[in-house]
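See structure below.
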Amino acid sequence: MGLRLRVDGDLLRGTITFDRRHEGAPGIVHGGAVATVLDDSLGSLLIVLGTPAVTANLNVSFRAPALLERPMQIEAWAVGRDGRKLHLHGRLLDNETVIAEAQALFLIVDVTHFESGGHALLPGWEDWSPASDPSPDA
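So in the numbering used here, spot 77 of the sequence shown is number 99, and the numbers just go up one at a time.
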């Protein structure tokens, strides 16, 4: 999708420009593409947090249409942790306009969970273990 992400303090920030492959209504990005980018950004935040986890629930609120061929900004951050539950938030912006907001619940898993699809872990993932507390506020 062309998503580019970088760490900025407690935030994961990124940019993306949706093209015609992501079109829903004429000239507008399909909501599924917006949700996918938000979920992918929140999943990438797990690497920064050092915590293997999977999406258990993703709630996306659409605030404004996302127009095709416009560079957009993405932000993702941790809100808190309760046992195995990670609460993450994210949003997609077109300059100052909030296009969509996401609230997600991720469940922390053992890294071997990712081998269940029959594929080997990526190099370096063998040593990936849940961080003691990835939330900035806990």
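Here a beta-carbon is modelled for each residue, glycine too, at the ideal position from N, C-alpha and C.
Check for me: the beta strand (DSSP E) holding residue i runs from which residue to which?
i, result
"residue 57", "That residue, residue 57, is in no beta strand (DSSP E); its alpha helix (DSSP H) goes 53-71."
"residue 124", "119-130"
"residue 78", "75-84"
"residue 108", "107-116"
"residue 30", "26-30"
Between the beta-carbon of residue i and the beta-carbon of residue j, is there less than 8 Å?
i, j, result
"residue 40", "residue 75", "no"
"residue 80", "residue 124", "yes"
"residue 38", "residue 70", "no"
"residue 56", "residue 82", "yes"
"residue 88", "residue 63", "no"
"residue 114", "residue 121", "yes"
On the DSSP bridge list, what partners appear for residue i?
i, result
"residue 91", "BP columns for residue 91 are empty, so no partner."
"residue 37", "26 and 95"
Could you round the C-beta distance between residue i and residue j to whole angstroms and report it? I think they count as a contact, below 8 Å.
i, j, result
"residue 130", "residue 73", "6 Å"
"residue 42", "residue 90", "6 Å"
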